[in-house]
Amino acid sequence: MIMMTQKAENSPAVAAALPCNGADALLQVKYTITEAEWKSTRSFSPAVSGGRFTPFIGSPWPWYKYNPKYKEFRDLTDYEACLPRDGCSEVVVDGLPTDGYKLSFDGKVIDIGQAFPFDGKNPVTSTEVGTCTKTKPICEDKEALLEIQDWNNQDDFRVKDKDGNTVLTSSNNWKDYSVNNTYSCLPKDDACYTFLIGGEYQWDTRLFPPSSYSVFFYGKLVLVRRSDSWLVDSVQFGDSCKPRCNQDDESLVEFFMYDWNGLISEEKYEYVWDLSVVDHNSSVSASFASGVVAQGPGISPLAHRLMCIPKGSCSSFYISAPHLMEKVEKGNETVNQTILLYPVYTLAMDNVTYRKVTGMQLKCTE
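Here our numbering is used: position 79 in the sequence shown is 109, and no number is missing along the way.
Laid out in structure tokens, this is it:
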């Protein structure tokens, strides 16, 4: 049982010492933030209870069993928990400045770990305590370390080499509000890689904190989350990367799609797409590029296409969904029923998004 005592009126409450058994050690999170500092960190956005997102602490997984939430400053109390001394536990603190609290484990002060964007002002941090043996791999001389940090993990990512081969994919462990670190040693000479990430949600940042991610290669940051609400992104990295299009007279069209139905479908199916460009001389629209997006068993739900079109041209994009049927039991008979598809997709040209759709049945669009 955790007992709380109150400090000064403008200070957080304090937890009395919690006894642990011999196999466990005491985790302590002591809050040093004042009421004035609390108010200053919660006043930057219109939200519930004075802040955009409710700060919480989670330890260990599953976080929802151990996550005290602090809607108001008066709710803020020092946190204590007995965790396995010989195990490895993740302590997640979100929505508070890192100088507003201190961590200790087994009587020793520990440094706050990785920080990720959370609510636009305050980070979420992930700190491992206990006997944690997972370390970064040591790469060979002709290799460089790729490190992907993914917080909240409501997405899929993959890494492709310059020939289009997939060299790394996300683990899909689906641990909400937890940090996932993925490491891989990749050839560094004459190399160019593409990192792709996408998910089925467009986050309403008035209600939920979006996922965060960052990518490091050879010790250098090559990508950090660039959107507060839309989780699709791509980046090239490596010494031999070249512009995807001729920057003088071409524009880059980028298409993303994420179809969660493909993860559960037992049959393969295809979306059909076509990109048309209007000829400046004849003013006639003609197909410039076309193809399909396959979905189903063994296929990544995250699709990505790149096309280079003449700069300044007028173009249109069309995509249609297949008509899928399934047999269902209704009463005493078996009937065919249409499967509704709700893919997420975005269409951008030269980094300007022209269309993004989520949570809507797709028939066709132009």
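C-beta: ideal position from N, C-alpha, C; glycine also.
* By the 10 Å Cβ neighbour count, where 16 or more other Cβ atoms means buried, how is PRO76 classified, buried or exposed? -> Note that PRO76 scores 44 on pLDDT, short of 50, meaning its location in the model is unreliable and no value can be drawn from it.
* Asked: Roughly how far, in whole angstroms, is the beta-carbon of PHE225 from the beta-carbon of PHE187, given that I think they are within contact range, below 8 Å?
  -> 7 Å
* To do: Give me whichever residues DSSP pairs with GLU359 in a beta bridge.
  => THR364
* To do: Would you identify the three-state DSSP class for ASN211, choosing helix, strand or coil?
  => strand
* Distance CB(LYS132)-CB(LYS60) smaller than 8 Å -> yes
* Start-to-end residues for the beta strand (DSSP E) that takes in GLY160 -> 153–160
* Asked: How many angstroms separate the CA atom of VAL382 from the CA atom of PHE103?
  -> 41 Å
* Taking 8 Å as the threshold, find out whether the region 63–71 comes into contact with the region 97–116 through three or more Cβ pairs. => yes
* Asked: Which first and last residues belong to the alpha helix (DSSP H) in which GLU67 is found?
  -> 65–72
* Does DSSP put GLU396 in a helix, a strand or coil? -> Note that GLU396 scores a pLDDT of 36, beneath 50, so its modelled location is shaky and nothing firm can be said.
* Asked: What's the gap between the Cα of TYR146 and the Cα of LYS360?
  -> The sequence given here has Phe at residue 146, not Tyr. Rounded to whole angstroms, PHE146 to LYS360 spans 49 Å at the Cα level.
* Classify ASP129 as helix, strand or coil using the three-state DSSP reduction. => helix
* **Close beta carbons around SER214, own chain, < 6 Å, minus the five adjacent residues each side** => LEU176, LEU198
* Residues sharing a beta bridge with ALA324, DSSP -> GLU300
* Asked: Do PHE318 and ILE339 have their C-beta atoms within less than 8 Å of each other?
  -> yes
* Who are the near neighbours of ASP180 in its chain, counting only those whose CB is closer than 6 Å to its CB and skipping five residues on each side? -> ASN210, TYR243
* Asked: Between LYS172 and the rest of its own chain, which residues show a CB-CB distance below 7 Å, the 5 nearest in sequence each way excluded?
  -> PRO217, LYS218, ASP219
* To do: With DSSP as the reference, please indicate the residues paired to ILE339 in a beta bridge.
  => SER281
* State yes or no: is the C-beta of VAL159 within less than 8 Å of the C-beta of SER119? => yes
* Between which two residues does the alpha helix (DSSP H) containing LEU371 stretch? -> LEU371 -> no alpha helix (DSSP H), and no H or E assigned at all.
* Considering only the beta carbon of each residue, do VAL322 and GLU300 sit closer than 8 Å? -> yes
* Apart from the five residues on each side of it in sequence, which residues of its chain come closer than 8 Å, Cβ to Cβ, to VAL252? -> PHE225, VAL245, PHE246, VAL265, PHE267
* **When THR376, VAL358, ARG255, CYS50 are compared against ALA111, the one with the closest alpha-carbon** => CYS50
* What span of residues does the alpha helix (DSSP H) with LEU354 cover, start to end? -> Where LEU354 is concerned, there is no enclosing alpha helix (DSSP H), given that its DSSP letter is neither H nor E.
* Asked: Which one of TYR372, PRO373, MET355 has the shortest CA to CA distance from VAL365?
  -> MET355
* Work out the CA separation of VAL262 and VAL123 for me, nearest whole Å. => 26 Å
* Looking only at DSSP bridge pairs, what is HIS310 linked to? -> Paired residues: none, contrary to the question.
* In terms of residues, what are the limits of the alpha helix (DSSP H) holding LEU56? -> Per DSSP, LEU56 belongs to no alpha helix (DSSP H); it is in the beta strand (DSSP E), 54–61.
* LEU305 versus PRO273: straight-line alpha-carbon distance, rounded -> 21 Å
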